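Below you'll find the structure, written out as structure tokens, and then a few comments.
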Amino acid sequence: MTTVKDRPKPVLLPELCKGCGRCIEACPKHCITLGEEINQTSGLVPVVIDYDVCNGCGLCISACPEPYGLTTDGYELEDPAKLFGAAAHHGRSPAAVEGRTLPLPKCEPLVLKGNYAAAVGALLAGCRHVFGYPITPSTEGAELMAKFLPKLDGVFMQAVSEVATVNHMYGCGGAGLPCMTFTSSPGLSLMLEGISYMIGAEVPAVFVNVMRGGPGLGNIGPSQADIKLLCRGLGHGNTHAIVLAPSTPQEMLDLTMEAFRLAFKYRNPVFVAPDGYLGQMTGRVQLPEEMIVPGVPSWAVFGDEVHRGNLINSIYLAETDLHAHNEKLQEKYALITANEQRATTYRAEDAKVLVVAASTPARMAKSAIEHLRQEGHKVGLFSPVTLWPFPIDALRAQLDHVEDIVVVEASAGQLEDELRLALSHAGLAGVRIHNLRRMGGLLPQEPEIRERIHAIIAEAA
Ligand code: SF4
Ligand code: SF4
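Each step along the sequence shown adds one to the number in numbering that gives the first Met the number 0, with nothing skipped, and position 13 is 12.
So this is what it looks like as structure tokens:
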């Protein structure tokens, strides 16, 4: 007859314990307590079991969500590492499952507002997991996803807050699944801690941040006042992420698709940053010729046997390890800066005055440039598509004929600061820099851009 004494007692594998505490709640003998020491392999704090009190009832084993966290395999485990790390693959290393493309049937162009176009772009990039908290002027994107995703075997989760949203994304992106959110400026502010963790842990995800007027809750008018936050302030530590600035509903779709590709290529969050007007603006949108069926990256914590040894983590307790991790991230940023600068130009080939503007202000500037060209003025547009990295290489190519730059933006000089920093790092000088700024939910208008350029031309004459 089996007695209480004979019952096998649970074996805790500290490397696999998340410290979630479910076993503590389940134990009727109160013999499990929260630990105090960080496990050097997992970076987490495992629980501690008092075996003198334990009666082997096994309730803790049933409560533990970790398949190998608590087992009945005997008191002593010869080599816990056998259940962790490379050995956990039972001789098989995780291999990436490659994504593939599917041809899309040809169709007539759609007429979509920018937020919807970004949502369609995400779906065509293979995103089936969207987390979000509604905030004007980005809400239509989440609204469309909430309608479509249940029909596509996907998940839309309205989180309790932006803080929860970004942490759902951390988990989903860590599993190697394409995921995204739609948010707007005050919402982005709330997500910064999680974004910093995601950058540190190299977790891919796409954030569509439809910028509105601030600071604080501000208003729901269009703005570009998050450029500094996106380019220079994505949480603590030495963080960076690619920031894409669409100018049309078509680019909302194209650049959102591209954002997923870049996020997985570099294992990093990517931001699509239109002003609020662009999120609401309706335009002609042509669907691409193919859509993406995502694979599973080898690094993903995917939950199956071969990926069991993977760990997504931003904790590096030894200073030398964290230094080395930072150096690795800096190398990645340098690679992105070298490879991913993008810009468009309009009538810039012989321009003496070059407007630098992104998103809706670039559209306004284009119209002003058309008028000014008809008057015989040599004016052109340089529009950064990547706000970070700033496309300095393409700008450098214009500077042999440009005498004056005028930065037109809906912020207090945040785009201009990126421009000045890029010029300074590149050792470029000699061009006069002017600006036209609107804030608080206002965009620069075409007549005032013309007026400003007329004044600059008169001053230079
Ligand atoms: S086996 Fe039972 S008594 Fe022992 S630690 Fe688990 S829950 Fe507590
Ligand atoms: S339930 Fe499992 S993972 Fe959670 S604290 Fe207990 S042993 Fe650790």
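No residue lacks a Cβ here, since even glycine has one placed at the ideal position from N, Cα and C.
From a predicted model like this one, the values you see are computed outputs, not experimental measurements.
Check: Contact test: L15 Cβ vs ligand 1 heavy atom, cutoff 8 Å; Outcome: no
Check: Buried/exposed call for S61, threshold 16 Cβ in 10 Å; Outcome: exposed
Check: 9 Å Cβ cutoff met for L286 and V154; Outcome: no
Check: Buried or exposed (CB count within 10 angstroms, at least 16 for buried), D5; Outcome: exposed
Check: Within 9 Å, strictly: CB atoms of L353 and V384; Outcome: no
Check: Any non-hydrogen atom of ligand 1 within 8 Å of V154 CB; Outcome: no
Check: For A94, the three-state DSSP class (helix, strand or coil); Outcome: coil
Check: Check: L58 C-beta below 8 Å from any heavy atom of ligand 1; Outcome: yes
Check: Three-state secondary structure (DSSP) of L353; Outcome: strand
Check: Residue closest to A536, alpha-carbon to alpha-carbon, out of P390, T182 and C19; Outcome: Residue 536 is absent from the structure shown; the chain starts at 0 and stops at 460.
Check: Other residues of its chain near N218: CB distance less than 6 Å, five sequence neighbours each side excluded; Outcome: G212 and G440
Check: Contact set for K227: own chain, Cβ-Cβ below 6 Å, skip 5 residues either direction; Outcome: Q413
Check: Span separating the alpha-carbon of V300 from that of E445; Outcome: 50 Å
Check: Euclidean distance between Cα positions of K411 and T32; Outcome: The sequence as given places Ala at residue 411; Lys does not occur at that position. Those two C-alpha atoms are separated by around 53 Å.
Check: Buried versus exposed, by CB contacts within 10 Å (16 or more), I404; Outcome: buried
Check: Helix, strand or coil at M280 according to DSSP, with G and I counted as helix; Outcome: coil
Check: Contact set for E24: own chain, Cβ-Cβ below 8 Å, skip 5 residues either direction; Outcome: A62
Check: 6 Å Cβ shell around P221 - same chain, five flanking residues per side excluded; Outcome: D274, G275, Y276 and L442
Check: Any non-hydrogen atom of ligand 1 closer than 8 Å to G55 Cβ; Outcome: yes
Check: Residue from F270, K146 and V295 whose Cα sits closest to the Cα of I194; Outcome: F270
Check: Complete runs of the beta strand (DSSP E) confined to the region 133–206 [at least 3 residues]; Outcome: 154–157 and 178–182
Check: Endpoints, alpha helix (DSSP H) assigned at L422; Outcome: Q413 to H424
Check: Cβ-based burial, I335 [other Cβ within 10 Å; buried from 16]; Outcome: buried
Check: Supposed close pair V46, E36 - CB separation, criterion 8 Å; Outcome: 11 Å between Cβ atoms; not a contact.
Check: Residue range of the unbroken alpha helix (DSSP H) whose run includes M251; Outcome: P248 to Y265
Check: I48 and L11 closer than 9 Å at C-beta; Outcome: yes
Check: CB contact flag (V292, G98, <9 Å); Outcome: yes
Check: Straight-line gap, L462 to T164 (C-alpha atoms, nearest Å); Outcome: Nothing about residue 462 can be reported from this structure: the residues present for the chain run from 0 to 460 only.
Check: According to DSSP, residues forming a beta bridge with H239; Outcome: Paired residues: none, contrary to the question.
Check: Sequence-distant residues of its chain with Cβ nearer than 7 Å to Y315 (five each side left out); Outcome: L321 and H324
Check: C30 Cβ short of 8 Å to ligand 1 heavy atom set; Outcome: yes
Check: Contact check, I198 vs G234, beta carbons under 9 Å; Outcome: yes
Check: Rounded distance between the beta-carbons of L69 and P9, thought under 8 Å; Outcome: 5 Å
Check: Which listed residue (G215, R451, H453 and L394) has its alpha carbon closest to that of S423; Outcome: L394
Check: Boundaries of the beta strand (DSSP E) in which L435 is found, first to last residue; Outcome: R431 to R436
Check: Three or more C-beta pairs below 8 Å linking the region 236–251 and the region 177–187; Outcome: no
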